[in-house]
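**Student:** In the numbering used here, the protein residues as written are 391 to 1135.
Take this structure, written in structure tokens, and hold onto it; I'll ask about it next.
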């Protein structure tokens, strides 16, 4: 009986234990089902994974109290499964890195193959090779020249020519001239190699942003197979060098941003200084490099604003972040930029065709210039033969020639203009107002307040003004050359008014003294405009008489000075400082750049035409025709993709405004894509929209730096759309066979 009672009791306890286990399992399943339902409502994929993993866990309630499992000599199936997953994950990481490296190698091979093919063809000057090849000549010969662009890219071209055996003897007169036996391939090769490096830099930058081989390859292909990018990289131009440094700046900035959570580490410092150096080099090639500087500056300002809003960072540490960026992104770039100009001036010690664009003081530092050393008299005297320089930055020389003003601008007297180049028609004889010059009389120096006449040495006519309107500036008075053999009338008289640079004796000194020439009868001042005359005036600067006598363009100084009866001046009186030279050169560059106008018959374009590939640009019009034009398929696809993405941004903004909430995982992924695309879109905008505000002549090639950013943006967008299309799970659009981004990365 006792045994039967104990058996019944054991059966009862077993039954109760089984019922408890069933209740626990049922409760766990209900909770898991609730979690699953909640995860589907919220769009969470991770909770579904948690459900699947929870149902696969062993039931600990089945373990009896006090029971111990013996140690296993071999790993269980669960351990084997975990180990296999770990090995698979590591293998995927390795494959991802190896795949990205292999793709990069293929990208480099395709880039070089498409750009080095027939590099020596055509064997004649194409488009602006005539300018930059000529600049290489000046560097090799050490002759000073003037150009509107900073010197770095031109110096690199000259260095490539010198190292490849070019001696600077080819004239580079005009497009179409055959190179013959002259070595030119070395200079083209430099531009091609630097232009080719834009492609792997674009690949690496997109990889750094997305860790996606697909997006990186797509961005690279948009550049590799674009006809325009190939063409612009194959000739002696500044643009491929500029594009290389812009892309290098963007890549270094991206790497620097990737270490923002590891400040003051060695990698953080290296990439910050690399960014600053690259930005400086981009600006040192062309001032268009300013756009990438503005983009980097905006990125840095946003990062500092984020740091300022982090309350865990003290204001002292915020100041440290600020000062570090001032050092790396402002001080270092400015120093390097000035360094390239110092090298530029050092390489051009001799006088050359660019002297006339600069002040007389600067010209006194050039060997061979008439102002160099002791060749110029110090004090201006009557009987001196001089050249007059307009004292503003980029001012030209007072000039005249035998050509007359046309009938529509009466009276038909001899033209007086402004001319930037050295010429015998720039020479004037200084005479008293009422007396002819007599070399037998003692020397008389020109002083403040003296009345003078200026006789054109070549034509024997005097600088003259009268109550007639000039061709361009209608509220001024016309200035002409009038008279016969030095004889004119009272409208030839000008009063000297010294502004600065005279001693106590009030003598007018060569180069140093700045003065006005005020017309005695009309009360106006001799003025040189920044406007250029039409073809009949040889596109030289207009000279007039300005009733507003205190205008900056009314100031003059004596540049050339010939008079054997006057003592010579010391060159130390004229030599400007380095920073004065830098200021003057930038002033001249800015004024000349702003005044660029298209040549007759030249094909120009407008910024709205560039993104749609509306019109190209002729590089060579000879039998071997070269035409700069983008690949229509690629350009229109990128333009359509950019337009569609902007529309989608507005669509999502409207959804958010109306209260629609996307699933968390989808929202996080979309925000990640948007942050990359918007950052590249801002870079594209900074390199494109400023051209609408420029008054100078524009060409199609100005768009290519912006195109590089649009290609990278299109690579990322296209990859994201493909991922979305082929995904089987609408909440997790990550196709493992399209994009190598793994959740583990």
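C-beta atoms are modelled at their ideal positions from N, C-alpha and C, and glycine is treated no differently.
The model shown is predicted, which means the values in this text are computed figures rather than measured ones.
(1) Verify whether the separation of the beta carbon atoms of residue 617 and residue 1019 is less than 8 Å.
(2) Quick one: grab the DSSP three-state call for residue 462.
(3) Does the Cβ-Cβ distance between residue 1095 and residue 636 come in under 8 Å?
(4) State buried or exposed for residue 793, treating a residue as buried only when at least 16 other CB atoms are found within 10 Å of its CB.
(5) How about the stretch 639 to 652 and the stretch 671 to 690: do they share at least three Cβ pairs that are nearer than 8 Å?
(6) For the stretch 606 to 616 against the stretch 534 to 543, are there 3 or more C-beta pairs whose distance is under 8 Å?
(7) Taking DSSP as the reference, what is the three-state secondary structure of residue 748?
(8) Do you know offhand how far residue 1104's Cα is from residue 749's?
(9) Along the chain, where does the beta strand (DSSP E) containing residue 906 start, and where does it finish?
(10) Going by beta-carbon coordinates alone, are residue 919 and residue 947 separated by less than 8 Å?
(11) On the DSSP bridge assignment, give the partners of residue 885 in chain order.
(12) Let's test the definition: count the other Cβ atoms within 10 Å of the Cβ of residue 450 and tell me whether it reaches 16, buried, or not, exposed.
(13) Any idea what DSSP makes of residue 1009, helix, strand or coil?
(14) How big is the Cα-Cα spacing for residue 686 and residue 1055?
(15) DSSP three-state call for residue 433: helix, strand or coil?
(16) How many angstroms separate the CA atom of residue 556 from the CA atom of residue 1058?
(17) At the 8 Å Cβ level, is residue 1094 part of the contact set with chain D, yes or no?
(18) Whose C-beta lies closer than 8 Å to the C-beta of residue 1026 among residues of the same chain, with five residues either side of it excluded?
(19) Count the other CB atoms within 10 Å of the CB of residue 882; is the residue buried (16 or more) or exposed (fewer)?
(20) The beta strand (DSSP E) with residue 595 in it runs from where to where?
(21) Just to confirm, are residue 1137 and residue 815 a CB contact at a threshold of 8 Å?
(22) Taking buried to mean at least 16 other C-beta atoms within 10 Å of its own C-beta, is residue 1142 buried or exposed?
(23) Take residue 514 and list the residues in its own chain whose beta-carbon comes closer than 8 Å to its own, dropping the five residues that flank it on each side.
(24) Distance, Cα to Cα, residue 940 vs residue 1071?
(25) Alpha carbon to alpha carbon, what distance is there between residue 729 and residue 632?
(26) Where do the ends of the alpha helix (DSSP H) carrying residue 516 lie?
(27) Whole angstroms is fine: what's the gap from residue 799's alpha carbon to residue 808's?
(28) When you compare each of 835, 1052 and 1044 to residue 896 by their alpha carbons, which one comes out closest?
(29) Can you tell me whether residue 651 is buried or exposed, with buried defined as 16 or more other CB within 10 angstroms of its CB?
**Tutor:** According to the structure data:
(1) For the purposes of this step, residue 617 is identified with residue 227 of the chain shown, where counting begins at 1. For the purposes of this step, residue 1019 is identified with residue 629 of the chain shown, where counting begins at 1. With contacts defined as CB atoms closer than 8 Å, residue 617 and residue 1019 qualify as a contacting pair.
(2) What you label residue 462 is simply residue 72 of the chain shown in a count that begins at 1. In this prediction, residue 462 has a pLDDT of 49, which is less than 50 and means its spatial position is unreliable; nothing more can be read from the coordinates.
(3) Within the chain shown, residue 1095 is the residue found at index 705, counting from 1. Within the chain shown, residue 636 is the residue found at index 246, counting from 1. It is a contact, given that the beta carbons lie within the stated cut-off.
(4) Start at 1 with the first residue of the chain shown, and residue 793 comes out as number 403. By the neighbour-count rule (16 or more Cβ atoms within 10 Å), residue 793 is not buried but exposed.
(5) yes
(6) no
(7) If you number the chain shown from 1, residue 748 lands on position 358. The answer is coil: DSSP assigns residue 748 none of H, G, I, E or B.
(8) What you label residue 1104 is simply residue 714 of the chain shown in a count that begins at 1. What you label residue 749 is simply residue 359 of the chain shown in a count that begins at 1. Approximately 49 Å, taken between the alpha carbons.
(9) Here residue 906 corresponds to residue number 516 of the chain shown, with the count starting at 1. From DSSP, the beta strand (DSSP E) with residue 906 extends over 904 to 909.
(10) On the chain shown, position 529 is the one that residue 919 refers to. On the chain shown, position 557 is the one that residue 947 refers to. For residue 919 and residue 947, no; Cβs fall outside 8 Å.
(11) Residue mapping note: residue 885 aligns to position 495 of the chain shown, counting from 1. DSSP output for residue 885 lists 841 and 908 as bridge partner(s).
(12) Numbered from 1 along the chain shown, position 60 holds the residue referred to as residue 450. Here residue 450 scores only 45 on pLDDT, less than 50, and its place in the model should not be relied on; the value that follows carries that caveat. Flag for residue 450 reads exposed.
(13) As a working mapping, residue 1009 is identified with position 619 in the chain shown. Residue state, collapsed to three classes: strand.
(14) Numbered from 1 along the chain shown, position 296 holds the residue referred to as residue 686. Numbered from 1 along the chain shown, position 665 holds the residue referred to as residue 1055. Computed Cα separation, rounded: 30 Å.
(15) Taking the chain shown and counting its residues from 1, the one referred to as residue 433 is at position 43. Annotation note: pLDDT 41 at residue 433 (below 50); position unreliable, no value reported.
(16) In the chain shown, residue 556 corresponds to position 166, counting from 1. In the chain shown, residue 1058 corresponds to position 668, counting from 1. Using only the alpha carbons, I get a separation of about 57 Å.
(17) The structure shown has no chain D; it contains just one protein chain.
(18) What you label residue 1026 is simply residue 636 of the chain shown in a count that begins at 1. Closer than 8 Å at Cβ, skipping near neighbours: 1002 and 1003.
(19) In the chain shown, counting from the first residue as 1, residue 882 sits at position 492. Flag for residue 882 reads buried.
(20) The residue given as residue 595 occupies position 205 in the chain shown. Annotation for residue 595: no beta strand (DSSP E) segment contains it, though the alpha helix (DSSP H) segment containing it runs 588 to 600.
(21) Absent from the structure is residue 1137, since the part of the chain shown begins at 391 and ends at 1135.
(22) Limits of the chain in this structure are 391 at one end and 1135 at the other, which puts residue 1142 out of reach.
(23) Taking the chain shown and counting its residues from 1, the one referred to as residue 514 is at position 124. Excluding positions up to five away in sequence, the list reads 565, 566, 567, 568, 569, 1010, 1012 and 1014.
(24) Here residue 940 is taken as the residue at index 550 of the chain shown, counted from 1. Here residue 1071 is taken as the residue at index 681 of the chain shown, counted from 1. Those two C-alpha atoms are separated by around 47 Å.
(25) Residue 632 sits at position 242 when you count from the first residue of the chain shown. Residue 729 sits at position 339 when you count from the first residue of the chain shown. For residue 632 and residue 729, the distance between alpha carbons rounds to 18 Å.
(26) The residue given as residue 516 occupies position 126 in the chain shown. First-last for residue 516: undefined, no H or E at that position.
(27) To locate residue 799, count along the chain shown from 1; it is residue 409. To locate residue 808, count along the chain shown from 1; it is residue 418. Each residue's Cα considered, the two are about 18 Å apart.
(28) Stepping through the chain shown from its first residue, residue 896 is reached at position 506. If we check each option's Cα against that of residue 896, 835 comes out closest.
(29) For this step, residue 651 is matched to residue 261 along the chain shown. Residue 651 should be labelled exposed.
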